[in-house]
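Residue numbers (the UniProt record's numbering), protein chains in the order written: chain Z, 1 to 214; chain G, 1 to 214. Glycine included, each C-beta is placed from N, C-alpha and C at the ideal position.
Protein chains: 2
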Amino acid sequence: MQSRPSDSVSAVHDRLYRTLRSQVMHGELDPGAALTLRGIAKRFGVSMTPVREALRRLVAEGALSMSASGRVTTPELSNERIEELAAIRALLEPELASRALPRAHFALIERLQTINTANAEAVAKQDAVAYIRTNLEFHRTLYLRAQAPAMLAIAETVWLQLGPTMRALYTRLRRNEPPPHHRMILAALKAGDEPGLRLAVRADVTQGLRHLAG
Amino acid sequence: MQSRPSDSVSAVHDRLYRTLRSQVMHGELDPGAALTLRGIAKRFGVSMTPVREALRRLVAEGALSMSASGRVTTPELSNERIEELAAIRALLEPELASRALPRAHFALIERLQTINTANAEAVAKQDAVAYIRTNLEFHRTLYLRAQAPAMLAIAETVWLQLGPTMRALYTRLRRNEPPPHHRMILAALKAGDEPGLRLAVRADVTQGLRHLAG
DNA sequence: ACCGCCGCTTTGTGATCACATCAGGACATG
DNA sequence: CATGTCCTGATGTGATCACAAAGCGGCGGT
Chain Z
1 MQSRPSDSVS
11 AVHDRLYRTL
21 RSQVMHGELD
31 PGAALTLRGI
41 AKRFGVSMTP
51 VREALRRLVA
61 EGALSMSASG
71 RVTTPELSNE
81 RIEELAAIRA
91 LLEPELASRA
101 LPRAHFALIE
111 RLQTINTANA
121 EAVAKQDAVA
131 YIRTNLEFHR
141 TLYLRAQAPA
151 MLAIAETVWL
161 QLGPTMRALY
171 TRLRRNEPPP
181 HHRMILAALK
191 AGDEPGLRLA
201 VRADVTQGLR
211 HLAG
Chain G
1 MQSRPSDSVS
11 AVHDRLYRTL
21 RSQVMHGELD
31 PGAALTLRGI
41 AKRFGVSMTP
51 VREALRRLVA
61 EGALSMSASG
71 RVTTPELSNE
81 RIEELAAIRA
91 LLEPELASRA
101 LPRAHFALIE
111 RLQTINTANA
121 EAVAKQDAVA
131 YIRTNLEFHR
141 TLYLRAQAPA
151 MLAIAETVWL
161 QLGPTMRALY
171 TRLRRNEPPP
181 HHRMILAALK
191 AGDEPGLRLA
201 VRADVTQGLR
211 HLAG
């Protein structure tokens, strides 16, 4: 039984953590969905112990919420909370983009365009999960160039908290156009236009979430 | 034995979490200090299970770092990381202060002054832990008025990551004056001077950490 | 005297179990 | 028919155990 106590990539609880984190961040779970220790343990064929650690970690990051009795569910955010998280994105992400700008060479811009194409395809297919995934990948790819791992980690935590909400949002309003501001971001990157980049990123980040409050 | 599975305040792992988090954030542990599961379990008279959950949670927040083999220690931050965390503080905290400003009435300012007095006493006594504690309490008390729990949570996470480093910093350079910018913050609050407040907070936040890079 | 190897101890990981609590439904009662 | 109560299954919590890996120190060889 005892498979492999520290296989680098292994470490059951870590594999669980990454899998669940990805599912939450990319909107594969609806808001309010319940996750049980034994359910997940059975699903992955492991015992409750590593499941508990993975869930605890996700709760600590705000990816999941825990009731007073310890029940774990995916969070249902209030409008105030959504607006606050959007405000945090609007604060952090222009800064990340600005720091990435000096290091954004052609190869990067080309990769961003590729990702953006995949994003447009997801929109055409009405595939909310693929849409969220490519959208976040677009941002992460850019921000990785900022050489600011702690700041990027915080941004990802915010994305994580918004995951289920974004799913609910994007499946509700079936969009048929890709996000308009991505083109503006790419243009500003090519032009080396720092203020324009900040504005485009801020607009892109604020845009989608604004629909909720309205 | 089985004491009380969900006593509200109880929940062993949660009590452990809060205790350890407080110790880390307030600089009661030196950077690089090792924490073992069995050691903590014995110290608190509990089993390894809740200890593991508490540590995992703290690692997830960046309060502690974990080696590849799972050993948990308090983090030793590189200079780049310290500067980045300072940059995040410089980004978030002026925003929090600005949001708190409209709601900062006299009672709040008076409480801040009281805290600041305690802070000055800690400086006089050369008590690094008390200094860090009162300093953070000063900021938290102000930011609580911002009505932005997610943003405050992120700021606290940053403080947490800086805890051991601040201890090392403040015990090394034995300061004999209280932080000068707290007075400027209080003055800006009284005057309702929003730009001045942002500047004062940014300066206060940047000041201490700048000594490290220099 | 220094270096490498081997064995012991420490430490983290995951499984399993006993227990308290909670949620939901059936049933009885007004 | 509505409402309160009780019971049962499900669920989280913490303890304990077996195991593998890592750290550490001593011993022997050169």
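Inset, instruction - Check the Cβ of Ala148 of chain G against every Cβ in chain Z and list those closer than 8 angstroms, keeping chain order. - result: Locating residue 148 of chain G in the second sequence gives position 148, where the first residue counts as 1. Chain Z residues near Ala148 of chain G: Glu84 and Ala87.
Legend entry - Closest Cα partner of Ala187 of chain Z within the set Z:Ala63, Z:Ala148 and Z:Leu112: Position 187 of the first sequence, counted from the first residue, corresponds to residue 187 of chain Z. When each option's Cα is compared against that of Ala187 of chain Z, the closest is Z:Leu112.
Inset, instruction - Use the C-beta contact count for Ser6 of chain G: other C-beta atoms within 10 angstroms, 16 or more gives buried, fewer gives exposed. - result: Indexing the second sequence from 1 puts residue 6 of chain G at position 6. Caution is warranted here: a pLDDT of 44 is assigned to Ser6 of chain G, below 50, making its placement in the model unreliable, and the coordinate value is therefore given only provisionally. So Ser6 of chain G ends up on the exposed side.
Inset, instruction - Could you tell me which of G:Ala155, G:Lys125 and G:Ala168 sits nearest to Gly32 of chain G, measuring between CA atoms? - result: Taking the first residue of the second sequence as 1, we reach residue 32 of chain G at position 32. That would be G:Ala168, whose Cα lies nearest to the Cα of Gly32 of chain G.
Inset, instruction - Have a look at Z:Arg81, Z:Pro94 and Z:Tyr143 and flag the residue whose alpha-carbon is nearest the alpha-carbon of Arg198 of chain Z. - result: Position 198 of the first sequence, counted from the start, is the residue given in the question as residue 198 of chain Z. Ranking the options by Cα distance to Arg198 of chain Z, first place goes to Z:Pro94.
Legend entry - CB contact check: Leu91 of chain Z to chain G, cutoff 8 angstroms: Locating residue 91 of chain Z in the first sequence gives position 91, counting from the first residue. Taking Cβ atoms only, chain G reaches closer than 8 angstroms to Leu91 of chain Z, which makes this a yes.
Inset, instruction - Within the region 170-205 of chain Z, note down every full alpha helix (DSSP H) run reaching 4 residues or more, in order along the chain. - result: 181-191
Inset, instruction - Consider the Cβ of Arg140 of chain Z: report whether some Cβ of chain G lies at a distance smaller than 8 angstroms. - result: Sequence index remark: in the first sequence, residue 140 of chain Z carries index 140 (1-based). No - not a single Cβ of chain G is within 8 angstroms of the one on Arg140 of chain Z.
Legend entry - Within the region 78-144 of chain Z, ranges of the alpha helix (DSSP H) (whole runs, at least 4 residues): 79-100, 106-124 and 128-144
Inset, instruction - Taking 8 angstroms as the cut-off, decide whether the C-beta atoms of Trp159 of chain G and Met66 of chain G are in contact. - result: As a first step, residue 159 of chain G must be located in the second sequence, where it is residue number 159. As a first step, residue 66 of chain G must be located in the second sequence, where it is residue number 66. Against a cut-off of 8 angstroms, the Cβ pair of Met66 of chain G and Trp159 of chain G comes out as no contact.
Inset, instruction - Could you tell me which chain Z residues have their CB closer than 9 angstroms to the CB of Glu194 of chain G, listed as they occur along the chain? - result: Along the second sequence, one-based indexing puts residue 194 of chain G at 194. In chain order: nothing, as chain Z lies at least about 16 angstroms away.
Inset, instruction - Determine whether the Cβ of Arg151 of chain Z lies closer than 8 angstroms to any Cβ atom of chain G. - result: Sequence index remark: in the first sequence, residue 151 of chain Z carries index 151 (1-based). With the sequence shown as reference, residue 151 of chain Z is identified as Met, and Arg is not the correct amino acid for it. So yes, Met151 of chain Z belongs to the interface.
Inset, instruction - Can you tell me the Cβ-Cβ gap for Thr206 of chain Z and Ala128 of chain Z, rounded? I've got them flagged as a contact below 8 angstroms. - result: On the first sequence, position 206 is the one that residue 206 of chain Z refers to. On the first sequence, position 128 is the one that residue 128 of chain Z refers to. Wrong, their Cβ atoms sit about 20 angstroms apart, outside the cutoff.
Inset, instruction - Run down chain G in chain order and give the residues with a C-beta less than 7 angstroms from the C-beta of Ala60 of chain Z. - result: As a position in the first sequence, residue 60 of chain Z is number 60, starting the count at 1. Those are Arg57, Ala60 and Glu61, listed as they occur along chain G.
Legend entry - Thr19 of chain Z in three-state terms, based on DSSP: What you label residue 19 of chain Z is simply residue 19 of the first sequence in a count that begins at 1. Residue state, collapsed to three classes: helix.
Inset, instruction - Output yes or no for whether 8 angstroms exceeds the beta carbon distance between Gly27 of chain G and Met184 of chain G. - result: Within the second sequence, numbered from 1, the residue matching residue 27 of chain G stands at position 27. Within the second sequence, numbered from 1, the residue matching residue 184 of chain G stands at position 184. No, they are not a contact pair.
Legend entry - Secondary structure of Thr73 of chain G, DSSP reduced to three states: Sequence index remark: in the second sequence, residue 73 of chain G carries index 73 (1-based). Reduced to three states, the DSSP call for Thr73 of chain G is strand.
Legend entry - Cβ shell of Ala118 of chain Z (< 7 angstroms), same chain only, five flanking positions each side left out: Here the question's residue 118 of chain Z lines up with position 118 in the first sequence. Taken in chain order, the residues that qualify are Thr134.
Inset, instruction - Would you check if there are 3 or more beta carbon pairs closer than 8 angstroms linking the region 51-69 of chain G to the region 132-150 of chain G? - result: no
Legend entry - Under 7 angstroms by beta carbon: chain Z residues contacting Glu53 of chain G: Residue numbering aside, residue 53 of chain G sits at position 53 when the second sequence is read from its first letter. What Glu53 of chain G touches in chain Z: Arg52, Glu53 and Arg56.
Inset, instruction - Scan the region 153-168 of chain Z for residues whose Cβ lies nearer than 7 angstroms to a Cβ of chain G and list them as they occur along the chain. - result: Ile154
Legend entry - DSSP state of Ala68 of chain Z mapped onto helix, strand, coil: Position 68 of the first sequence, counted from the first residue, corresponds to residue 68 of chain Z. In this structure, Ala68 of chain Z counts as coil in the three-state DSSP scheme.
Inset, instruction - Look at the alpha carbon of residue 216 of chain G and the alpha carbon of Leu35 of chain G, and state the distance between them as a whole number of angstroms. - result: The first residue shown for chain G is 1 and the last is 214, placing residue 216 of chain G beyond what the model contains.
Inset, instruction - Take every Cβ of the region 145-164 of chain Z, pair it with every Cβ of the region 62-80 of chain Z, and state whether three or more of those distances are shorter than 8 angstroms. - result: yes
Inset, instruction - Starting from the Cα of Arg15 of chain G, find the closest Cα among G:Asp30, G:Leu58, G:Ala191 and G:Leu29 and give me that residue. - result: Within the second sequence, residue 15 of chain G is the residue found at index 15, counting from 1. Of the listed residues, the one whose Cα sits closest to Arg15 of chain G is G:Leu58.
Inset, instruction - Look at the alpha carbon of Val201 of chain Z and the alpha carbon of Val123 of chain G, and state the distance between them as a whole number of angstroms. - result: Taking the first sequence and counting its residues from 1, the one referred to as residue 201 of chain Z is at position 201. Taking the second sequence and counting its residues from 1, the one referred to as residue 123 of chain G is at position 123. Taking the straight line from one Cα to the other gives about 43 angstroms.
Legend entry - Pairwise C-alpha distance: Val46 of chain Z and Leu20 of chain Z: Numbered from its first residue, the first sequence carries residue 20 of chain Z at position 20. Numbered from its first residue, the first sequence carries residue 46 of chain Z at position 46. Cα to Cα, Leu20 of chain Z sits roughly 14 angstroms from Val46 of chain Z.
Legend entry - Own chain partners of Lys190 of chain Z with C-beta closer than 8 angstroms, once the 5 adjacent residues on each side are dropped: As a working mapping, residue 190 of chain Z is identified with position 190 in the first sequence. Cβ within range, chain order: Ile109.
Inset, instruction - Please confirm whether Thr74 of chain G and Asp30 of chain G have their CB atoms less than 8 angstroms apart. - result: The residue labelled residue 74 of chain G in the question sits at position 74 within the second sequence. The residue labelled residue 30 of chain G in the question sits at position 30 within the second sequence. Result yes, Cβ atoms of Thr74 of chain G and Asp30 of chain G sit closer than 8 angstroms.
Legend entry - Glu110 of chain Z: contacting residues in chain G (beta-carbon distance under 9 angstroms): Within the first sequence, the letter at position 110 stands for residue 110 of chain Z. Correct list: empty, because the minimum Cβ distance to chain G is about 28 angstroms.
Legend entry - Contacting positions in the region 95-124 of chain Z - beta carbon closer than 7 angstroms to chain G: Glu95
Legend entry - Status (buried if at least 16 other CB within 10 Å, exposed otherwise) for Glu80 of chain G: By 1-based counting over the second sequence, the position of residue 80 of chain G is 80. Exposed.
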